[in-house]
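Counting with this note's numbering, you get residues 138 to 505 for the letters of the sequence shown.
Cβ coordinates follow ideal geometry from the N, Cα and C atoms, glycine included.
Bear in mind the structure is a predicted one, so any value in this text is a computation, not a measurement.
Inspection log for the structure reproduced underneath, given as structure tokens.
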Amino acid sequence: MYDLTVIIPTFNEKSNIYNIVMAVDAVFHEHSLNGQILVVDDNSSDSTISIVNDLKRTKQNVEILVREHDHGLSQSVADGFSHASSDIFIVIDADFSHPPALIPTLFREIRAGNEVVIGSRYMEGGGIRKWPLKRRVISIGATFLGRLLFPDITDPVSGFFAVRKSVVEHAPLKPRGYKILLEVLGKGTWQKDKEIPFEFVDREIGSSKLKIRTIIEYAQQVADITLYSFSHHHSAAWREWKRIFKFGVVGLSGILVNLGILYLLVSFFSLDKDLASPIAIELSILNNFLWNDFWTFRSAENGKLSSRWHRLAAFNLVSVGGAAINYGIFLILTRWFAMYYLAAQLIGILIAFSWNFLINRRITWTRK
Ligand SMILES: Nc1nc2c(ncn2[C@@H]2O[C@H](COP(=O)(O)OP(=O)(O)OP(=O)(O)O)[C@@H](O)[C@H]2O)c(=O)[nH]1
Ligand SMILES: [Mg+2]
Numbered sequence: 138m139y140d141l142t143v144i145i146p147t148f149n150e151k152s153n154i155y156n157i158v159m160a161v162d163a164v165f166h167e168h169s170l171n172g173q174i175l176v177v178d179d180n181s182s183d184s185t186i187s188i189v190n191d192l193k194r195t196k197q198n199v200e201i202l203v204r205e206h207d208h209g210l211s212q213s214v215a216d217g218f219s220h221a222s223s224d225i226f227i228v229i230d231a232d233f234s235h236p237p238a239l240i241p242t243l244f245r246e247i248r249a250g251n252e253v254v255i256g257s258r259y260m261e262g263g264g265i266r267k268w269p270l271k272r273r274v275i276s277i278g279a280t281f282l283g284r285l286l287f288p289d290i291t292d293p294v295s296g297f298f299a300v301r302k303s304v305v306e307h308a309p310l311k312p313r314g315y316k317i318l319l320e321v322l323g324k325g326t327w328q329k330d331k332e333i334p335f336e337f338v339d340r341e342i343g344s345s346k347l348k349i350r351t352i353i354e355y356a357q358q359v360a361d362i363t364l365y366s367f368s369h370h371h372s373a374a375w376r377e378w379k380r381i382f383k384f385g386v387v388g389l390s391g392i393l394v395n396l397g398i399l400y401l402l403v404s405f406f407s408l409d410k411d412l413a414s415p416i417a418i419e420l421s422i423l424n425n426f427l428w429n430d431f432w433t434f435r436s437a438e439n440g441k442l443s444s445r446w447h448r449l450a451a452f453n454l455v456s457v458g459g460a461a462i463n464y465g466i467f468l469i470l471t472r473w474f475a476m477y478y479l480a481a482q483l484i485g486i487l488i489a490f491s492w493n494f495l496i497n498r499r500i501t502w503t504r505k
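Written as structure tokens, this is what we have:
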């Protein structure tokens with residue numbers, strides 16, 4: 138039994154495989170880690186397999202799994218999970234895009250109680266070197282979709298991560314495409330995660346395998362995880378649906394507060410309507426803020442805006458923006474598209490609601 142297993146998926150990596158295995162093993166030695174190296178190869182047609190077999194003669198901790206069916210990166214990593222001889226898995230590319238030197242950090246963070254530890258390109262301190270614009274745009278799009286499901290995670294599609302066996306052991310992974318991490322986050326059982334920044338370096342040697350099909354498969358995967366979360370309430374994405382639901386309930390309560398106060402001010406305090414309305418609006422924003430802060434996002438770590446006053450200010454600004462969006466959409470739909478005014482207002486409300494939730498989730502109630 139090893140303390141950890143480093144899983145290296147490979148397909149035609151003859152120019153990298155020797156160096157990456159040696160580099161990972163050197164890190165094990167340097168940090169006195171009892172680690173296994175598991176190469177999961179999709180029956181490469183170059184010499185990748187024989188190079189690993191040569192390495193195995195001198196290094197007992199090196200294993201290779203050669204797959205002959207169901208070719209694919211995610212499938213290979215999932216097979217690696219079930220063949221590893223330890224309880225902690227770290228996945229790393231063969232082409233030195235991910236720094237082996239971070240392996241001990243990922244391992245330590247898992248030991249410290251995190252169940253998933255992600256090497257992030259998109260958090261402060263992380264980055265991407267030498268990527269053509271097209272790759273950047275695709276990656277940012279993919280990350281955006283993934284972040285809708287896991288808003289606290291900056292890089293839910295990273296290929297460099299550590300995970301405990303217990304997270305994936307019973308998970309009905311349906312691996313396809315390139316984004317095995319998203320599948321792990323969506324179907325696995327976990328509560329605590331952590332991200333570590335790193336700089337992704339584009340491969341120097343060997344060829345890239347990104348195809349247009351990859352993008353389609355990714356969209357299917359996001360849809361599949363979304364459906365899964367509706368029926369599996371232990372999943373991480375379900376935690377997010379609960380927040381959205383609570384945010385909606387709070388929004389409805391805000392309407393009652395808004396109308397109630399307006400009525401009180403006008404009927405009982407004989408206040409001028411034009412003055413009473415903005416007061417009622419502001420008090421309903423305050424109502425919503427308090428409910429969201431104490432209920433919807435009670436368990437949020439509130440890393441970025443740690444002071445409640447700052448969160449209130451942010452929420453207020455976002456709400457004013459939401460109201461402007463609501464009104465703008467109302468005007469556009471009724472004037473330009475001659476839409477029935479109530480339908481136009483409803484569409485405005487729904488879009489403003491999405492705006493309010495997404496922006497507040499990113500700014501007001503987000504972790505550091
Ligand atoms: N087992 C297996 N490994 C794969 C497959 N496709 C890619 N890999 C490996 O997965 C890792 C990441 O693949 P890359 O081709 O580097 O993907 P990328 O980093 O998105 O793209 P480039 O670096 O630009 O080529 C590398 O170690 C590849 O050898 C596959 O179908 N099966
Ligand atoms: Mg690569």
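>> Between the alpha carbons of residue 332 and residue 380, how many angstroms are there, rounded?
In response: Reading the sequence shown from its first residue, position 195 is the one you call residue 332. Reading the sequence shown from its first residue, position 243 is the one you call residue 380. Going by the C-alpha atoms only, they are around 22 Å apart.
Margin query: Suppose only complete runs of 3+ residues qualify. What are the beta strand (DSSP E) ranges in the region 145-199, listed by chain order?
Written below: 172-178
Q: Give the straight-line distance between the Cα atoms of residue 465 and residue 485, rounded to the nearest whole angstrom.
A: Start at 1 with the first residue of the sequence shown, and residue 465 comes out as number 328. Start at 1 with the first residue of the sequence shown, and residue 485 comes out as number 348. Roughly 8 Å between the two C-alpha positions.
ask   = Between which two residues does the beta strand (DSSP E) harbouring residue 330 extend?
value = By one-based count along the sequence shown, residue 330 stands at place 193. Residue 330 -> beta strand (DSSP E) spans 330-334.
TODO: Examine the Cβ distances between the region 140-148 and the region 209-225 and report whether three or more of them are shorter than 8 Å.
DONE: Output reads yes: the region 209-225 touches the region 140-148.
#### Entry: Nearest candidate by alpha-carbon position, reference residue 313, set 289, 350, 325, 307
Your numbering for residue 313 matches position 176 in the sequence shown. That would be 350, whose Cα lies nearest to the Cα of residue 313.
Worksheet item: Roughly how many whole angstroms lie between the Cα atoms of residue 302 and residue 252?
Response: The sequence position of residue 302 within the sequence shown is 165, counting from 1. The sequence position of residue 252 within the sequence shown is 115, counting from 1. Distance between the alpha carbons of residue 302 and residue 252: 9 Å.
Q) What number of angstroms, rounded off, separates the C-alpha of residue 463 from the C-alpha of residue 488? A) For the purposes of this step, residue 463 is taken as residue 326 along the sequence shown, with counting starting at 1. For the purposes of this step, residue 488 is taken as residue 351 along the sequence shown, with counting starting at 1. Here the alpha carbon of residue 463 sits roughly 7 Å from the alpha carbon of residue 488.
Rounded to whole angstroms, how far is the Cβ of residue 195 from the Cβ of residue 154, which I believe are closer than 8 Å?
Here residue 195 refers to the residue found at position 58 of the sequence shown. Here residue 154 refers to the residue found at position 17 of the sequence shown. Contact doesn't hold; Cβ gap of about 15 Å is too wide.
Note to self: Going by C-alpha to C-alpha distance, which of 177, 158, 149, 139 sits closest to residue 169?
What the structure shows: As a position in the sequence shown, residue 169 is number 32, starting the count at 1. Out of 177, 158, 149, 139, 139 has the C-alpha closest to the C-alpha of residue 169.
| request: Might you give, ordered along the chain, the residues of its own chain that have their beta carbon closer than 8 Å to the beta carbon of residue 385, omitting 5 neighbours on each side? | output: As a working note, residue 385 is residue 248 in the sequence shown. So the list reads 490, once near-sequence residues are dropped.
Notebook entry, point to check: Got a sec, what are the start and stop residues for the beta strand (DSSP E) residue 266 sits in?
Noted result: By 1-based counting over the sequence shown, the position of residue 266 is 129. 264-266 is the span of the beta strand (DSSP E), which, as asked, contains residue 266.
ask   = Can you give the Cα-Cα distance for residue 202 and residue 189, rounded to whole angstroms?
value = As a working mapping, residue 202 is identified with position 65 in the sequence shown. As a working mapping, residue 189 is identified with position 52 in the sequence shown. Rounded to the nearest angstrom, the two C-alpha atoms are 10 Å apart.
message = Considering only heavy atoms of ligand 2 and the C-beta of each residue, which residues fall inside 6 Å, strictly closer?
response = Here the list is 230, 232, 234, 340.
Open item on the list: I need the straight-line Cα distance from residue 471 to residue 483, nearest angstrom please.
Closed with: As a position in the sequence shown, residue 471 is number 334, starting the count at 1. As a position in the sequence shown, residue 483 is number 346, starting the count at 1. For residue 471 and residue 483, the distance between alpha carbons rounds to 12 Å.
With which residues is residue 337 paired in a DSSP beta bridge? As a position in the sequence shown, residue 337 is number 200, starting the count at 1. Residue 337 is bridged to 265.
Worksheet entry | Alpha carbon of residue 411 to alpha carbon of residue 403, nearest angstrom | Locating residue 411 in the sequence shown gives position 274, counting from the first residue. Locating residue 403 in the sequence shown gives position 266, counting from the first residue. Roughly 10 Å separates the two Cα atoms.
Under DSSP, the beta strand (DSSP E) around residue 301 begins and ends at which residues? Your numbering for residue 301 matches position 164 in the sequence shown. Its beta strand (DSSP E) spans residues 298-301.
In the DSSP assignment, what residue or residues form a beta bridge with residue 226?
-> Sequence index remark: in the sequence shown, residue 226 carries index 89 (1-based). In the DSSP output, where bridge partners are listed per residue, residue 226 has 142, 300.
Open item on the list: DSSP three-state label for residue 310, please.
Closed with: For the purposes of this step, residue 310 is taken as the residue at position 173 of the sequence shown. Here residue 310 sits in coil by DSSP.
Practice prompt. Would you tell me roughly how many angstroms separate the C-alpha atoms of residue 443 and residue 294, rounded to the nearest one?
Written response: Here residue 443 is taken as the residue at index 306 of the sequence shown, counted from 1. Here residue 294 is taken as the residue at index 157 of the sequence shown, counted from 1. Near 28 Å, if we compare the C-alpha coordinates of residue 294 and residue 443.
If you run the structure through DSSP and keep just helix, strand and coil, what is residue 201? Here the question's residue 201 lines up with position 64 in the sequence shown. Of the three classes helix, strand and coil, the one that applies to residue 201 here is strand, per DSSP.
Exercise. Return the Cβ separation of residue 283 and residue 319 in integer angstroms, given the expectation that the two are a contact with Cβ distance under 8 Å.
Key: By one-based count along the sequence shown, residue 283 stands at place 146. By one-based count along the sequence shown, residue 319 stands at place 182. Yes, they are in contact, since the Cβ atoms of residue 283 and residue 319 sit about 5 Å apart, within 8 Å.
* Is any heavy atom in ligand 1 found nearer than 6 Å to the beta carbon of residue 183? -> Counted from its first residue, the sequence shown places residue 183 at position 46. Residue 183 Cβ: outside cutoff for every heavy atom of ligand 1.
Checklist line | Option nearest residue 454 by Cα separation, candidates 422, 477, 428, 433 | finding: For the purposes of this step, residue 454 is taken as the residue at position 317 of the sequence shown. Looking at the Cα atoms, 422 is the closest of the given residues.
Worksheet entry | Expected contact under 8 Å - CB spacing of residue 300 and residue 226 to nearest Å | Here residue 300 refers to the residue found at position 163 of the sequence shown. Here residue 226 refers to the residue found at position 89 of the sequence shown. Indeed they touch by this definition, with Cβ atoms about 5 Å apart.
By DSSP's criteria, residue 253 is part of a beta bridge. Which residues make up the other side? Within the sequence shown, numbered from 1, the residue matching residue 253 stands at position 116. Residue 253 is bridged to 300, 330.
- Item | Inter-residue CB distance, residue 366 and residue 374 (contact presumed, cutoff 8 Å) | In the sequence shown, residue 366 corresponds to position 229, counting from 1. In the sequence shown, residue 374 corresponds to position 237, counting from 1. Indeed, because the Cβ distance is near 4 Å, the residues count as touching under 8 Å.
Three-way DSSP call (helix, strand, coil) for residue 406 in this model
Walking along the sequence shown from the start, residue 406 turns up at place 269. If DSSP states are grouped into helix, strand and coil, residue 406 belongs with coil.
Inspect the beta-carbon positions of residue 233 and residue 181 and report whether they are closer than 7 Å. Locating residue 233 in the sequence shown gives position 96, where the first residue counts as 1. Locating residue 181 in the sequence shown gives position 44, where the first residue counts as 1. No, the pair does not count as a contact, with Cβ atoms beyond the cut-off.
Check: Who are the near neighbours of residue 272 in its chain, counting only those whose CB is closer than 6 Å to its CB and skipping five residues on each side?
Finding: Residue numbering aside, residue 272 sits at position 135 when the sequence shown is read from its first letter. None.
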